[in-house]
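Q:
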Amino acid sequence: MKPLLVPTGIKAYMGENEYLMIANRSSNPLKRGMILPNGVGIIDADYVDNDKNEGEIFIQMVNWGIRDMHLKKGERIGQGIFMPFLVTDDDATQEKNDRTGGFGSSGVH
0 MKPLLVPTGI KAYMGENEYL MIANRSSNPL KRGMILPNGV GIIDADYVDN
50 DKNEGEIFIQ MVNWGIRDMH LKKGERIGQG IFMPFLVTDD DATQEKNDRT
100 GGFGSSGVH
């Protein structure tokens, strides 16, 4: 079983101190056998300006079912929650580079 990226056709604009949390719909595992492999997805505020995918949000899913799953356009597979985030006084500020990738591109490599 390999995770697949499911396109949503959605872009989300956020403030500098916000992120979008992507959660699975509670019916997905039971009815479809589909889960988010990491439990939750995090979309950074600067993702919307990504040149590689034009900022379109993709949801990473794994099909644990025994049959192939075919999703129809507009089918609800996840839910997004806009959340603020805070930093501590002693957080080190890193120089921010332009985003050049999508999944897994915001961390330090």
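So the sequence shown is residues 0 to 108, counted in numbering that gives the first Met the number 0.
Glycine included, C-beta positions come from ideal geometry on N, C-alpha and C.
(1) Residue range of the beta strand (DSSP E) that residue 61 falls in?
(2) Hey, how far is the Cα of residue 90 from the Cα of residue 68?
(3) Quick test of your reading: residue 60 and residue 3, contact by CB under 8 Å. State the CB separation rounded to the nearest angstrom.
(4) Taking 8 Å as the threshold (C-beta atoms), are residue 22 and residue 56 in contact?
(5) Do you know offhand how far residue 35's Cα is from residue 24's?
(6) Could you tell me the distance, in whole angstroms, from the CA atom of residue 72 to the CA atom of residue 78?
(7) If you draw a straight line from the alpha carbon of residue 1 to that of residue 19, how long is it in whole angstroms?
(8) From the DSSP secondary-structure annotation, give me the bridge partner or partners of residue 6.
(9) Between the alpha carbons of residue 16 and residue 76, how many angstroms are there, rounded?
(10) Could you check if residue 37 is buried or exposed, using at least 16 other CB atoms within 10 Å of its CB as the buried criterion?
A: On the basis of the supplied data:
(1) 57-62
(2) 43 Å
(3) 6 Å
(4) no
(5) 10 Å
(6) 15 Å
(7) 24 Å
(8) 57
(9) 26 Å
(10) exposed
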